[in-house]
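Presented below is the structure to which this report refers.
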Amino acid sequence: EDQVTQSPEALRLQEGESSSLNCSYTVSGLRGLFWYRQDPGKGPEFLFTLYSAGEEKEKERLKATLTKKESFLHITAPKPEDSATYLCAVQEDGGSNYKLTFGKGTLLTVNP
Amino acid sequence: NAGVTQTPKFRVLKTGQSMTLLCAQDMNHEYMYWYRQDPGMGLRLIHYSVGEGTTAKGEVPDGYNVSRLKKQNFLLGLESAAPSQTSVYFCASSYSTRPLDTQYFGPGTRLTVL
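Chain order of the listed sequences is A and B.
Note that this note's numbering gives residue 15 to position 15 of the first sequence, counting from 1, and the numbers run on in steps of one.
Just so we're on the same page, this note's numbering is the position in the second sequence counted from 1, plus 112.
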C-alpha cells in the first residue's frame, strides 16, 4: 500500500479556473510534508514545507494546507506557466527521519 | 550559488559497462541523497549520506555504490549496468535540522542502458 497518494493523476484547467490537488498520506507520525514542482526534463523545485495540521503556506497563486491525513495544493486563477507536475512527499517522524517518500505526482496542464 | 549540480546530463551505456555520476553542492549541506525517477513509480531513494565519509542504503540500493569523500560531493557508481537501471537520476542535498531540512534537487542525469 502506497504511503503517499496523489490525486488526480492528471488535471487539465482553463486559464483562470481555480482547483485543488490532493495528497493523502498514511505514515504514523508526520515530521513534515513537502510540495515540489517539476517541469519536464528538470529536477523537482521546492515549493512548501508543512509541519503540523492546520498550517497553511502561500506563494503567488499557490496555497498549501495540511490536515492530519492529507494536504491540498490550491491553485487560484492559474496561468499557463503553472503547467507542471506537482509532487508531494512526506517525512516520517522517528528513526530515519531524513527520508522522503514521494507520491507519483499530479500533471497539471493549464490551457490559455 | 550554483546549488546542486550533476554531471553528466545524459549518458548511454551498454549492459555490463560501468560509470560514475557526480553530484556537487555549494550550500554546505550535511546530507546528500541519490534518487531515481521512473514513469509511474515516483522518486525512490537509492543511497544517502549524513556527512563526509558516511553512506547508507536507501529504498532501492542494489546494483549501486556511493562515496562521499568530500562534504560537497556525492558520487553514484554503477559497476555493471543493467537495462533495469535505465532511469533519470537526481541528487539532492539538505541541512540536517528543521526548519532548514528541505531537500534541494539537481537537474538530473538521464541514463539509458542498452
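Backbone N, C-alpha and C fix where the C-beta goes; we use that ideal spot for every residue, glycine too.
Here the structure is a predicted model, which means the values were calculated and not measured.
Contacts of residue i in chain B (Cβ-Cβ under 9 angstroms)
| i | result |
| --- | --- |
| L62 (chain A) | Residues of chain B passing the Cβ test: none, with the nearest at roughly 16 angstroms. |
Where residue i meets chain A, residues with beta-carbon distance less than 9 angstroms
| i | result |
| --- | --- |
| P219 (chain B) | G41, K42, G43 |
| F202 (chain B) | G43, P44 |
Rounded Cβ spacing between residue i and residue j (contact assumed at less than 8 angstroms)
| i | j | result |
| --- | --- | --- |
| L50 (chain A) | L66 (chain A) | 4 angstroms |
| V178 (chain B) | S161 (chain B) | 7 angstroms |
| P112 (chain A) | L13 (chain A) | Their Cβ separation, rounded to whole angstroms, is 11 angstroms, which puts P112 (chain A) and L13 (chain A) out of contact at 8 angstroms. |
| S24 (chain A) | T5 (chain A) | 5 angstroms |
Per-residue contacts from residue i into chain B (C-beta, under 8 angstroms)
| i | result |
| --- | --- |
| K104 (chain A) | G152, M153, G154 |
| F34 (chain A) | T214, Q215 |
Beta-carbon neighbours of residue i, restricted to chain A and to distances below 8 angstroms
| i | result |
| --- | --- |
| Y143 (chain B) | Y98 |
| V172 (chain B) | Those within 8 angstroms of V172 (chain B) in chain A number zero; the least Cβ separation is about 12 angstroms. |
| L157 (chain B) | K99, L100 |
Unbroken beta strand (DSSP E) run spanning residue i, endpoints
| i | result |
| --- | --- |
| L181 (chain B) | Taken as a continuous stretch (DSSP letters only), L181 (chain B) belongs to no beta strand (DSSP E), as it is neither H nor E. |
| S7 (chain A) | 4 to 7 |
| L226 (chain B) | It is not in any beta strand (DSSP E) - L226 (chain B) carries neither H nor E in the DSSP assignment. |
| L139 (chain B) | The sequence shown places Met at residue 139 (chain B), rather than the Leu named in the question. Here M139 (chain B) belongs to no beta strand (DSSP E), and DSSP marks it neither H nor E. |
| S32 (chain A) | A quick correction: the sequence has Gly, not Ser, at residue 32 (chain A). Counting along the chain, the beta strand (DSSP E) containing G32 (chain A) begins and ends at 30 to 38. |
| T101 (chain A) | 100 to 102 |
| A194 (chain B) | A194 (chain B) -> no beta strand (DSSP E), and no H or E assigned at all. |
Under 7 angstroms from the C-beta of residue i: neighbouring residues of chain A
| i | result |
| --- | --- |
| T198 (chain B) | Chain A residues near T198 (chain B): none, gap ~16 angstroms exceeds 7 angstroms. |
| Y160 (chain B) | Y98 |
As an exercise, report each continuous beta strand (DSSP E) stretch of at least 3 residues that is fully enclosed by the stretch 56 to 87 of chain A, in chain order. 56 to 59, 62 to 66, 70 to 75
Using Cβ-Cβ distances below 8 angstroms, what residues of the stretch 62 to 87 of chain A are close to chain B? L87
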